[in-house]
Amino acid sequence: KEVKSLNFLEEIVENDLRENKNGGRVLTRFPPEPNGYLHLGHAKSICLNFGLAQKYGGQTNLRFDDTNPITEDTEYVDSIKADVRWLGFDWAAELYASDYFAQLYEFAKKLIQLGLAYVDDSTAEAIASQKGTPTEPGQESPFRHRSIEENLDLFERMKAGEFPDGSRVLRAKIDMASPNMHFRDPVIYRIKHAHHHRTGNEWCIYPMYDFAHGQSDSIENITHSICTLEFIPHRPLYDWFIEKLDIFPSHQYEFARLNLTYTVMSKRKLKQLVEEGHVAGWDDPRMPTLSGARRRGYTPEAIRDFCERIGVAKRDNLIDVGLLEFCVREQLNKTATRVMVVLDPDPIKVVITNYPEGQTEELSIENNPENPEEGNRAVTFSREILVEREDFMENPPKKFFRLAPGNRVRLKGAYIIECNEVVKDAEGKVTELHCTYVPESKSGSDTSGLKVQGTIHWVNAADAVPVEVRLYDRLFQVEDLAEAEGDFKDHLNPNSLQVVQAFAEPSLRDASGKAYQFLRKGYFNLDTDSTEDRLIFNRTVGLKDSWAK
Ligand code: ATP
Ligand code: MG
Ligand code: MG
Numbered sequence: 031k032e033v034k035s036l037n038f039l040e041e042i043v044e045n046d047l048r049e050n051k052n053g054g055r056v057l058t059r060f061p062p063e064p065n066g067y068l069h070l071g072h073a074k075s076i077c078l079n080f081g082l083a084q085k086y087g088g089q090t091n092l093r094f095d096d097t098n099p100i101t102e103d104t105e106y107v108d109s110i111k112a113d114v115r116w117l118g119f120d121w122a123a124e125l126y127a128s129d130y131f132a133q134l135y136e137f138a139k140k141l142i143q144l145g146l147a148y149v150d151d152s153t154a155e156a157i158a159s160q161k162g163t164p165t166e167p168g169q170e171s172p173f174r175h176r177s178i179e180e181n182l183d184l185f186e187r188m189k190a191g192e193f194p195d196g197s198r199v200l201r202a203k204i205d206m207a208s209p210n211m212h213f214r215d216p217v218i219y220r221i222k223h224a225h226h227h228r229t230g231n232e233w234c235i236y237p238m239y240d241f242a243h244g245q246s247d248s249i250e251n252i253t254h255s256i257c258t259l260e261f262i263p264h265r266p267l268y269d270w271f272i273e274k275l276d277i278f279p280s281h282q283y284e285f286a287r288l289n290l291t292y293t294v295m296s297k298r299k300l301k302q303l304v305e306e307g308h309v310a311g312w313d314d315p316r317m318p319t320l321s322g323a324r325r326r327g328y329t330p331e332a333i334r335d336f337c338e339r340i341g342v343a344k345r346d347n348l349i350d351v352g353l354l355e356f357c358v359r360e361q362l363n364k365t366a367t368r369v370m371v372v373l374d375p376d377p378i379k380v381v382i383t384n385y386p387e388g389q390t391e392e393l394s395i396e397n398n399p400e401n402p403e404e405g406n407r408a409v410t411f412s413r414e415i416l417v418e419r420e421d422f423m424e425n426p427p428k429k430f431f432r433l434a435p436g437n438r439v440r441l442k443g444a445y446i447i448e449c450n451e452v453v454k455d456a457e458g459k460v461t462e463l464h465c466t467y468v469p470e471s472k473s474g475s476d477t478s479g480l481k482v483q484g485t486i487h488w489v490n491a492a493d494a495v496p497v498e499v500r501l502y503d504r505l506f507q508v509e510d511l512a513e514a515e516g517d518f519k520d521h522l523n524p525n526s527l528q529v530v531q532a533f534a535e536p537s538l539r540d541a542s543g544k545a546y547q548f549l550r551k552g553y554f555n556l557d558t559d560s561t562e563d564r565l566i567f568n569r570t571v572g573l574k575d576s577w578a579k
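Pasting the structure below:
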C-alpha cells in the first residue's frame, strides 16, 4: 500500500497531539455563510475539516456564519445541510454565529471597558479615508478618544435602536499606523435595522466578520480553525481579540482555495448566473455547485476522491476540471449499469431481411462487465432495429469498422449482421439499411467462426423509448476566469447545453437515480425534470477526456 506523506495541516495536528496541546482534542468547524448554495470549493473545505477530525479522532461542528441579515436565508441553511450530508459527513453540533450575538455583545462591551473600542460617528467614507494607504499611516478619527462611559452609553443605545443605519459604528482601538491595514481600528459592529432569518428583529446591531468569526471559534473551543489564504492578514486580528478578551485560544490556519478551470467559484457570481437566468437554477447540472454536481450525476465518492487527490496547498493554483471528471469516470465505471441508447434524433432503421417477420426474442445482456454480481437484463431484438446515422457510411474510408455496404459488424449483445442494401428517399437520404444476420453468431454462443472488427449499439425499433438527452459542455469558454478580461459573464459558453432526442432500450423506462453508461456515449443519469411519460437524461461525463484533444 502506498504511503502518503502528511499534508501541512496533518503535520500541525500531529505536532499538537504530540505536545498534548488542547489535551489531545481535535475540534474543527465548517463555517459557511448561508447566502448561497455550496460549491466544489466548499467541498474541499468540508473534506479537509471533517477529514482532519476523522483522521485524528476528533469532531467537526457545522457553524452557520450568519452575521449579515441582508443576504442570508433559511433556504440556504437547508441546502447546505443537505449538501454536507450528501458528501458523506456528519457534524458534532449544528451551530449559528447568531446564537452568540448576546455573548459577542458582551465581548464588545468588555473591549470598551478595557479602553480598546470606541463608538465612531464618522461616515463610512470618512472611515475609509482615515485608514490611509499601506505605505502611509492612517489618521485618527475625531471620535477615537471618547471616554469609556460615553462609549458604553452610545453602544448600548446603538443596540437599543436609537440610531439609524450607518450613523455610528463600533471600532476596535488598535493602531492607525500599523502596516497591517486590518489593525487600523477595524469596524467591529454596525447598525442594521434588518430582519435576521433566525433572530428576527431582536438585534439592530450586527458584528463584523472579524469580530464574530474568531470569537465563535473560541466559544466552541475549536482547536484548528482552517480557512483560505485571503485570511492570512486577518490572523493577527483574530489573535488580538482572543488575547484581549482572554478567551480560549483557537488558532487559525490557512490553505489555498480551490479554483477550477472553466468555471467560477464564488457564491456571489453563481447567484448572478441564477438570478439573471444564465442557468436554470443553483442545481443546474452545469453549475459547480454541489447540488448541480449531484443533479448531473457526480457522486460524493468521486468528489471526495478528487479533493484527496488535489491535496492541500499553501499557494493559490488552478486545478484542471479534467481531473474531477477523471475521478467521476473512475467511479462510475465501477458502478454504472450499461444500457443501449441511440443518441440520434434521426437514426437509421436497419431491416434484418432474413429474420422472421413478427418474431421477437429476448437477449440477455450483462449489466456491468466490471461487476458480474449486477447480473443481466433482457433486451428485445427483432427484424427492425435503429442505429445511429454516424455508424453508417456509404463510402467509408479504410479503417471504418461500422456499417457500410458489404461490411459486417456485431450488434452489441446480439448477432453479426452484414449490410446488403442501402435504401434512399427521393432526395438521396438514406432511410433504411437492409441487412442479413448470421443466426449462429449470437453473443455468448457464437459458433459462426466469423471475426468482425466493429461492435455497435442499437435499439429494437418496435419498443424503443423516445427520451430527451442533455449534453453539457463547459459553462465558460476560458480556462482561467481570474485572468480573463471584462465581466465574467462575457465568457459564458453559448453552447454549454445541447438537447438531443434519443431512443433508449425499454429497460430505461424504469430508470432510477442510479448511474448508467450509455454504451459508447458516456455516463448518464435521470434528470429531476423527468416525468412519467417524458424521460430526461443528463450526460454526467463522457467516456474519455474528449476535451484533451
Ligand atoms: P464565496 O466567495 O463563494 O461566497 P466564502 O468563503 O465567502 O465563499 P463561506 O460560506 O464563507 O464562503 O465559506 C465557508 C468555508 O468554505 C470557509 O471556511 C471558506 O474558506 C471555505 N471556502 C470557500 N470557498 C472555497 C474554495 N474555493 N476553496 C476552498 N475552501 C473554500
Ligand atoms: Mg465567508
Ligand atoms: Mg463570500
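Numbering (the working numbering), first residue to last: 31 to 579. The C-beta atom is built at its ideal place from N, Cα and C for all residues, glycine as well. Quantities reported herein were computed from a predicted structural model and do not represent experimental measurements.
Given a threshold of 16 other Cβ atoms within 10 Å of its Cβ, counted over all protein chains shown, does R539 qualify as buried or as exposed? Per the 10 Å Cβ criterion, exposed.
### Message
If distances are taken between C-alpha atoms only, which option among G53, N50, K85, N52 comes closest to L39?
### Response
K85
Tell me, which residues are paired with P150 by DSSP?
Rather than Pro, the amino acid found at residue 150 in this sequence is Asp. Looking at the DSSP assignment, D150 forms a beta bridge with V199.
query = For E462, which of V439, R316, E414 has the nearest alpha-carbon?
reply = Comparing Cα positions, the closest option is E414.
Where H212 falls: helix, strand or coil (DSSP): helix
* For I486, which three-state DSSP category applies? -> strand
If distances are taken between C-alpha atoms only, which option among Q160, R176, S177 comes closest to Q169? Q160
- prompt: Is G66 near ligand 1, judged by its Cβ being under 7 Å from some heavy atom?
  reply: Checking every heavy atom of ligand 1 against the Cβ of G66, one is found closer than 7 Å.
Reference F411, options P427, P386, E404, closest by Cα: F411 has its Cα closest to that of P386, out of P427, P386, E404.
Three-way DSSP call (helix, strand, coil) for T104 in this model: helix
Item to complete: Ignore the nearest five residues each way along the sequence and tell me which others in A158's own chain have a CB closer than 6 Å to its CB.
Response: none
Label T477 either buried or exposed according to how many other C-beta atoms from any shown protein chain fall within 10 Å of its C-beta, with 16 as the threshold for buried. exposed
Can you list, in chain order, the stretches of the beta strand (DSSP E) that have 3 or more residues and sit fully within the region 430 to 469?
438 to 441, 446 to 454, 460 to 467
Three or more C-beta pairs below 8 Å linking the region 127 to 134 and the region 342 to 353: no
**Prompt:** Which residues bound the beta strand (DSSP E) around L480?
**Reply:** It is not in any beta strand (DSSP E) - L480 carries neither H nor E in the DSSP assignment.
With three or more beta-carbon pairs closer than 8 Å as the criterion, would you say the region 88 to 108 touches the region 314 to 323? no
Q) What do you get for V371, buried or exposed, if any count of 16 or more other CB atoms within 10 angstroms of its CB means buried? A) buried
Practice problem: Following the continuous alpha helix (DSSP H) through S248, name the residue where it begins and the one where it ends. | Solution: 239 to 249
Could you pull out every residue in the same chain whose Cβ sits closer than 8 Å to the Cβ of V482, ignoring the five residues on either side in sequence? F431, R438, V439, R440, I446
Query raised in the report: Would you say the beta carbon of F60 comes nearer than 7 Å to a heavy atom of ligand 1?
Result: yes
What three-state label does DSSP hand S576 in the structure shown?
Caution is warranted here: a pLDDT of 49 is assigned to S576, below 50, making its placement in the model unreliable, and the coordinate value is therefore given only provisionally. Helix, per DSSP.
_Can you determine whether any heavy atom of ligand 4 sits closer than 7 Å to the C-beta of M238, and answer yes or no?_
Ligand 4 is absent from the structure shown, which contains only ligand 1, ligand 2 and ligand 3.
Going straight from the alpha carbon of G443 to that of H69, what length do you get? Straight-line Cα distance between these residues: approximately 41 Å.
Review point. Taking the alpha-carbon positions, what's the S537 to R504 distance?
Key: 30 Å
Does ligand 1 have a heavy atom nearer than 7 Å to the CB of H243? no
- request: Taking only heavy atoms of ligand 1 into account, decide whether any of them is closer than 7 Å to the Cβ of E63.
  value: yes
query = Roughly how many whole angstroms lie between the Cα atoms of L416 and D557?
reply = 24 Å
Item to complete: Could you tell me if L36 is buried or exposed, where buried requires 16 or more neighbouring beta carbons within 10 angstroms of its beta carbon?
Response: exposed
For G327 and S542, what's the separation of their Cα atoms in angstroms?
12 Å
> Of all the options V530, T485, P524, which has the alpha carbon lying nearest to the alpha carbon of V499?
Replying inline: Shortest Cα-Cα distance from V499 to any of V530, T485, P524 involves V530.
Does the region 239 to 258 come into contact with the region 48 to 58, if we say contact requires no fewer than three beta-carbon pairs (one atom in each stretch) closer than 8 Å?
yes
Can you name, in chain order, every residue of its own chain whose Cβ lies under 8 Å from the Cβ of L565, other than the five neighbours on each side?
-> Within the same chain, and ignoring the five residues on either side of L565 in sequence, the residues whose Cβ sits closer than 8 Å to its Cβ are V495, V497, E498, A534, L538, R539, A541, L556.
Distance, I110 Cα to G230 Cα:
21 Å
**Item:** F213 vs L200 beta-carbon contact at 8 Å
**Value:** no
Checklist entry - Any idea which residues DSSP pairs A138 with across the strands? => result Partner(s): none; A138 has no beta bridge.
So A123 is in the beta strand (DSSP E); what residue range does that whole segment cover?
123 to 126
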